[in-house]
Amino acid sequence: MSEISERVARVLDDPEHWPDDPKEAVALQRRMADRVREEPLDVDSVRLVAGLDVSYAKDNTALSAAAVVMDIRTMEVVESATISSEPSFPYISGLFGFRESPPVLEALGRLKVTPDVYLCDGFGLAHPRRFGVACHLGVLLDLPVVGSAKSVLYGKHSVPGNERGSWTPMVAGRSEVVPDSRALAERGSEVIGRVLRTREGVKPVYVSVGHRVDLEGATELVLRMSPKYRVPEPVRHADRLCGEHRKAVLAEKEAREAGPAGDR
DNA sequence: GCGACAG
DNA sequence: ATCTTGTCGC
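Number 183 in the UniProt record's numbering belongs to position 183 of the first sequence; there are no gaps in the numbering.
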């Protein structure tokens, strides 16, 4: 059993981590948020990057999760893992980690290789309680995690320039687009993430620290892993994979229910 | 109280 | 997130 599998099993088996009441979940978030640490991330020393994502059925009765590991130098997929399960926590904006972490952890537990850093589809510190899903996974595993989201939940920001690589800071506060968030950041407002243009002329992504990375390194990693498309490649691959996996599982189930005795 | 609300 | 057809642009 790999190192990551052991950590995953330990975390999933501990009922303390999985409240079923949203009220409890918020209290747990506040406690866990104190354990988030920021560390320098040297992107040049990174080799394997894991992208994580979950796909849900419309009726909310099934889900699939995927972890895709890519080599940052060749941009080739090194390994991927998928699982299927059922949602164990409702979708509540702000409590995303409780819904998304269990399936993601299960997928991670199936990996043979050990990624250097993890990229997830959602926020880290750019969260009302500074505890988005990237922080959640990071703290549970005590591993480096970066959050990269496609829309905003919380924070003030201005619009970055149109060129790839251009970015503006996100600062704490109710979600709002402001004329100049750099000025706010310079006046000492809490910086919680960055709005990053990964592709010229295309809507930016929202990058934030999950755990054991810094914002500069997180930004560089997301930009490097998005050479062609808006969403970082490992997350794009994970997104496609878990979507396909969920449909395959559904097709299997329907075939089973249509003719369990075999129709021939 | 009201609106907003990652995936 | 999911469901879903066509359509606009490089």
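Every residue, glycine too, gets a C-beta built ideally from N, C-alpha and C.
Considering only their Cβ atoms, is the gap separating Gly138 from Val145 smaller than 7 Å? In the first sequence, residue 145 corresponds to position 145, counting from 1. In the first sequence, residue 138 corresponds to position 138, counting from 1. It is a contact, given that the beta carbons lie within the stated cut-off.
Using the Cβ count rule (16 or more neighbours within 10 Å means buried), how would you classify Ala126? As a working note, residue 126 is residue 126 in the first sequence. Buried, by the Cβ-count rule.
Here's the rule: buried if 16 or more other CB atoms are within 10 angstroms of the residue's CB, otherwise exposed. What is Ile4? Reading the first sequence from its first residue, position 4 is the one you call residue 4. Ile4 comes out buried.
Which whole runs of the beta strand (DSSP E) in the segment 45-98 are 3 residues long or more, in chain order? Complete beta strand (DSSP E) runs here, min 3: 48-56, 63-71 and 77-85.
For His157, which residues does DSSP report across the bridge? Your numbering for residue 157 matches position 157 in the first sequence. DSSP output for His157 lists Met170 and Val177 as bridge partner(s).
Residues of its chain near Ser101, where Cβ-Cβ distance is below 6 Å and the 5 sequence neighbours each way are ignored: Residue numbering aside, residue 101 sits at position 101 when the first sequence is read from its first letter. For Ser101, where only same-chain residues beyond five positions count, the Cβ hits under 6 Å are His136 and Leu137.
Going by DSSP in three states, Ala126 sits in which element: helix, strand or coil? To locate residue 126, count along the first sequence from 1; it is residue 126. Of the three classes helix, strand and coil, the one that applies to Ala126 here is coil, per DSSP.
Can at least three beta-carbon pairs, one atom from the segment 58-70 and one from the segment 164-182, be found at a separation below 8 Å? No: the two stretches stay apart, fewer than three of their Cβ pairs being nearer than 8 Å.
Considering only residues of the segment 197-238, which uninterrupted beta strand (DSSP E) runs meet the minimum length of 3 residues and lie entirely inside it, listed in chain order? List check, beta strand (DSSP E) in window: 205-211.
Would you decide whether Thr61 is buried or exposed? Buried here means 16 or more other CB atoms lie within 10 Å of its CB. By 1-based counting over the first sequence, the position of residue 61 is 61. Exposed is the label assigned to Thr61, since fewer than 16 other Cβ atoms lie within 10 Å of its Cβ.
By alpha-carbon positions, which one of Val152, Leu215, Arg130 and Gly147 ends up nearest to Asp42? The residue labelled residue 42 in the question sits at position 42 within the first sequence. Of Val152, Leu215, Arg130 and Gly147, the residue nearest in Cα terms is Leu215.
Could you tell me whether the segment 185-197 touches the segment 10-24, using the rule of 3 or more Cβ pairs below 8 Å? Not touching, per the Cβ criterion.
Nearest-angstrom Cα separation, counted from Val78 out to Pro160: Numbered from its first residue, the first sequence carries residue 160 at position 160. Numbered from its first residue, the first sequence carries residue 78 at position 78. If I take the Cα positions, the gap works out to 33 Å.
Among Leu184, Tyr118 and Asp239, which one has its Cα closest to the Cα of Ala218? For the purposes of this step, residue 218 is taken as residue 218 along the first sequence, with counting starting at 1. Considering only alpha carbons, the answer is Tyr118.
Going by DSSP, what residue range makes up the beta strand (DSSP E) through Asp121? Along the first sequence, one-based indexing puts residue 121 at 121. Element bounds for Asp121: Val117 to Asp121.
Is DSSP giving Glu100 helix, strand or coil here? In the first sequence, the residue the question calls residue 100 occupies position 100. Of the three classes helix, strand and coil, the one that applies to Glu100 here is helix, per DSSP.
Count the other C-beta atoms from every protein chain shown that fall within 10 angstroms of the C-beta of Thr114, then say buried if there are 16 or more, exposed otherwise. Counting from 1 along the first sequence, the entry for residue 114 is found at position 114. Thr114 should be labelled exposed.
In whole angstroms, what is the alpha-carbon distance linking Val195 and Val205? Here residue 195 is taken as the residue at index 195 of the first sequence, counted from 1. Here residue 205 is taken as the residue at index 205 of the first sequence, counted from 1. Cα to Cα, the separation comes out at about 6 Å.
Just verifying my parser: in three-state terms, what is the DSSP assignment at Glu38? Here residue 38 corresponds to residue number 38 of the first sequence, with the count starting at 1. Here Glu38 sits in strand by DSSP.
C-alpha gap between Glu186 and Pro179, whole angstroms: In the first sequence, counting from the first residue as 1, residue 186 sits at position 186. In the first sequence, counting from the first residue as 1, residue 179 sits at position 179. Between Glu186 and Pro179, the C-alpha separation is close to 14 Å.
If distances are taken between C-alpha atoms only, which option among Val26, Arg236 and Leu12 comes closest to Pro128? Here residue 128 is taken as the residue at index 128 of the first sequence, counted from 1. Closest by alpha carbon: Val26.
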